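> Read top to bottom, the protein sequences are chains Y and W. Per my numbering, the first sequence starts with residue 906, numbered consecutively. Per my numbering, the second sequence starts with residue 311, numbered consecutively. Even glycine gets a Cβ: it sits at the ideal position worked out from N, Cα and C. Only a predicted model underlies this, so the values are computations on that prediction, with no experimental measurement involved. Quick one: this structure, given as structure tokens, is what I'll be asking you about.
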Amino acid sequence: MPAGTLYRGREGMWSWVAHRVTGVLIFFFLFVHVLDTALVRVSPEAYDKVVATYKTPIVAVLEYGLVAAILFHALNGLRVIAVDFWSKGPRYQKQMLWTVVGIWVVLMLGAIYPVLGHAARELFGS
Amino acid sequence: MSTTETTASGVGPVEGGYSVDNPAPYIEAPRQRTRKTPKSTRGNFEMAAWLFMRLSGVVLVVLVIGHLLIQLVLDGGVSKIGFAFVAGRWASPFWQVWDLLMLWLAMLHGANGLRTVINDYAERANTRLWLKGLLYTATVFTILLGTLVIFTFDPNIR
Chain Y
906 MPAGTLYRGR EGMWSWVAHR VTGVLIFFFL FVHVLDTALV RVSPEAYDKV VATYKTPIVA
966 VLEYGLVAAI LFHALNGLRV IAVDFWSKGP RYQKQMLWTV VGIWVVLMLG AIYPVLGHAA
1026 RELFGS
Chain W
311 MSTTETTASG VGPVEGGYSV DNPAPYIEAP RQRTRKTPKS TRGNFEMAAW LFMRLSGVVL
371 VVLVIGHLLI QLVLDGGVSK IGFAFVAGRW ASPFWQVWDL LMLWLAMLHG ANGLRTVIND
431 YAERANTRLW LKGLLYTATV FTILLGTLVI FTFDPNIR
């Protein structure tokens, strides 16, 4: 690890760190996801068997985490583009980050029922 | 260096000999590009990669959030996914193109992102070489596999 891994430690640095971490996580998931989808070329049974594990409560929580990572990476990516291409982008980067976090919280609250609902029904009965 | 008695050096006297009628020989500026200068071998790859991340990023926001809505939110969420659901969607060229574009853009966007991460944290040249070799191999394999699956999908495999 290079020495001095703390740059300025404020919004700009931490959003950059979060963008990296979420990006790497999403990329590793993407490899797995292409491989599991490739099972449709093996047999319907093989595909359905693997997808059945995606419907278990534990994986539902992982899916919620994946949605969290993707939504942050998407919204913060748009902020990065605004910082790079909008003349006033660098000046408003902090306000844009808090806007990103606000939209992210709202979307994550909205995703609770669709993504975790079936897991709750399975665990606690419907 | 003296300007009056430099006869032994290769430069010769600077003052005295030249005038409007007898101008000094023109000396080309160092590093000036001429027709003989070899073309730069470095190119604009990093700038193209930087631009690609932004362009593919905007397209991926639409493709991936649409994908999440279809697969995890609408119509029963993840519960409805199965071979029959995939067959129904890939019967339409629209969703085939959607998924193909998403596969290529996401894999290349992710691969370039991880290339940057490797360049940042792997300090030894040999480590960078091996990690990037592994990255490019896995990326090419996954893109080709996914493309093959989309193009050769057979709903009547059984």
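Quick check: the segment 1011-1023 of chain Y against the segment 371-389 of chain W, are there 3 or more CB pairs under 8 Å?
yes
> Going by Cα to Cα distance, which pick from W:L444, W:L415, W:L413, W:I453 is closest to I428 (chain W)?
To locate residue 428 (chain W), count along the second sequence from 1; it is residue 118. Nearest of W:L444, W:L415, W:L413, W:I453 to I428 (chain W), Cα basis: W:L444.
> Quick check: the Cα distance between E315 (chain W) and P335 (chain W), rounded to an integer number of angstroms?
Position 5 of the second sequence, counting from 1, holds the residue named residue 315 (chain W). Position 25 of the second sequence, counting from 1, holds the residue named residue 335 (chain W). Residue placement at E315 (chain W) is poorly supported in this model, since its pLDDT is 49, which falls under 50; the coordinates still yield a value, given next. Taking the straight line from one Cα to the other gives about 20 Å.
> Which residues in the same chain as Y328 (chain W) place their Cβ atom closer than 7 Å to its Cβ, once the five residues preceding and following it in sequence are excluded?
Mapped onto the second sequence, residue 328 (chain W) falls at position 18. For Y328 (chain W), where only same-chain residues beyond five positions count, the Cβ hits under 7 Å are A334.
> Count Cβ pairs between the segment 370-377 of chain W and the segment 432-441 of chain W that sit closer than 8 Å; are there 3 or more?
With a cut-off of 8 Å on Cβ pairs, the segment 370-377 of chain W is not in contact with the segment 432-441 of chain W, counting fewer than three such pairs.
> Applying the criterion that 16 or more other CB atoms from any shown protein chain within 10 Å of the CB defines a buried residue, is Y952 (chain Y) buried or exposed?
On the first sequence, position 47 is the one that residue 952 (chain Y) refers to. Under this definition Y952 (chain Y) is a buried residue.
> With a cut-off of 8 Å, does the C-beta of R468 (chain W) fall near any C-beta of chain Y?
The count along the second sequence starts at 1 and reaches residue 468 (chain W) at position 158. Closer than 8 Å: yes.
> Check whether the segment 452-463 of chain W touches the segment 405-421 of chain W, counting contact only when three or more Cβ pairs, one atom from each stretch, lie closer than 8 Å.
yes
> What is the residue span of the alpha helix (DSSP H) that W545 (chain W) lies within?
Here chain W covers residues 311 to 468 and nothing more, so residue 545 (chain W) does not appear.
> Assuming the contact rule is C-beta atoms closer than 8 Å, A476 (chain W) and N422 (chain W) should be a hit. Round their C-beta distance to whole Å, please.
Residue 476 (chain W) lies beyond the residue range present for chain W, which begins at 311 and ends at 468; the question has no answer from this structure.
> Is P977 (chain Y) near T927 (chain Y), with beta carbons less than 8 Å apart?
Within the first sequence, the letter at position 72 stands for residue 977 (chain Y). Within the first sequence, the letter at position 22 stands for residue 927 (chain Y). Here residue 977 (chain Y) turns out to be Phe, not Pro, going by the sequence shown. Yes. Within cutoff.
> Expressed to the nearest angstrom, what Euclidean distance is found between the alpha-carbon atoms of W921 (chain Y) and V1020 (chain Y)?
Against the first sequence, residue 921 (chain Y) aligns to sequence position 16. Against the first sequence, residue 1020 (chain Y) aligns to sequence position 115. Using only the alpha carbons, I get a separation of about 27 Å.
> Cβ of G420 (chain W) less than 8 Å from any chain Y Cβ?
Position 110 of the second sequence holds residue 420 (chain W). Interface flag for G420 (chain W) against chain Y is set, since a Cβ pair is found closer than 8 Å.
> Among Y:D989, Y:L967, Y:H1023, Y:A973, whose alpha-carbon lies nearest the alpha-carbon of G1007 (chain Y)?
The count along the first sequence starts at 1 and reaches residue 1007 (chain Y) at position 102. Measuring from the Cα of G1007 (chain Y), the nearest candidate turns out to be Y:A973.
> What's the call for M918 (chain Y), buried or exposed, on a 16-neighbour Cβ count within 10 Å?
Taking the first residue of the first sequence as 1, we reach residue 918 (chain Y) at position 13. Exposed, since its Cβ has fewer than 16 Cβ neighbours within 10 Å.
> Taking the C-alpha atoms as reference points, what is the distance between T958 (chain Y) and S366 (chain W)?
The count along the first sequence starts at 1 and reaches residue 958 (chain Y) at position 53. The count along the second sequence starts at 1 and reaches residue 366 (chain W) at position 56. Rounded to whole angstroms, T958 (chain Y) to S366 (chain W) spans 31 Å at the Cα level.
> Please state whether DSSP places N466 (chain W) in a helix, a strand or coil.
If you number the second sequence from 1, residue 466 (chain W) lands on position 156. In the displayed model, N466 (chain W) falls within coil according to three-state DSSP, outside both helix and strand.
> For E338 (chain W), which of helix, strand or coil comes out of DSSP?
Position 28 of the second sequence holds residue 338 (chain W). Coil, per DSSP.
> If the criterion is Cβ atoms closer than 8 Å, does the pair M417 (chain W) and T449 (chain W) meet it?
Translated into the one-based positions of the second sequence, residue 417 (chain W) becomes position 107. Translated into the one-based positions of the second sequence, residue 449 (chain W) becomes position 139. Yes, these two residues count as a Cβ contact at 8 Å.
> Going along chain W, which residues have a C-beta under 7 Å from T1004 (chain Y)?
In the first sequence, the residue the question calls residue 1004 (chain Y) occupies position 99. Here the premise fails: no neighbours, minimum Cβ distance about 15 Å.
> Buried or exposed for V945 (chain Y), going by 16 or more other Cβ atoms inside 10 Å?
Here the question's residue 945 (chain Y) lines up with position 40 in the first sequence. Residue burial annotation: V945 (chain Y) is buried, with at least 16 other C-beta atoms found within 10 angstroms of its C-beta.
> Which residues of chain Y have a Cβ atom closer than 7 Å to the Cβ of L454 (chain W), listed in chain order?
The residue labelled residue 454 (chain W) in the question sits at position 144 within the second sequence. Contact note: L454 (chain W) does not reach chain Y at a C-beta cutoff of 7 Å; the least C-beta distance is about 10 Å.
> So with Cβ pairs under 8 Å, would you call S389 (chain W) a contact of chain Y?
Taking the first residue of the second sequence as 1, we reach residue 389 (chain W) at position 79. Yes, S389 (chain W) counts as interfacial toward chain Y.
> Using beta-carbon positions only, say whether L940 (chain Y) and G420 (chain W) come within less than 8 Å of one another.
In the first sequence, counting from the first residue as 1, residue 940 (chain Y) sits at position 35. In the second sequence, counting from the first residue as 1, residue 420 (chain W) sits at position 110. A distance of 8 Å or more separates the beta carbons of L940 (chain Y) and G420 (chain W).
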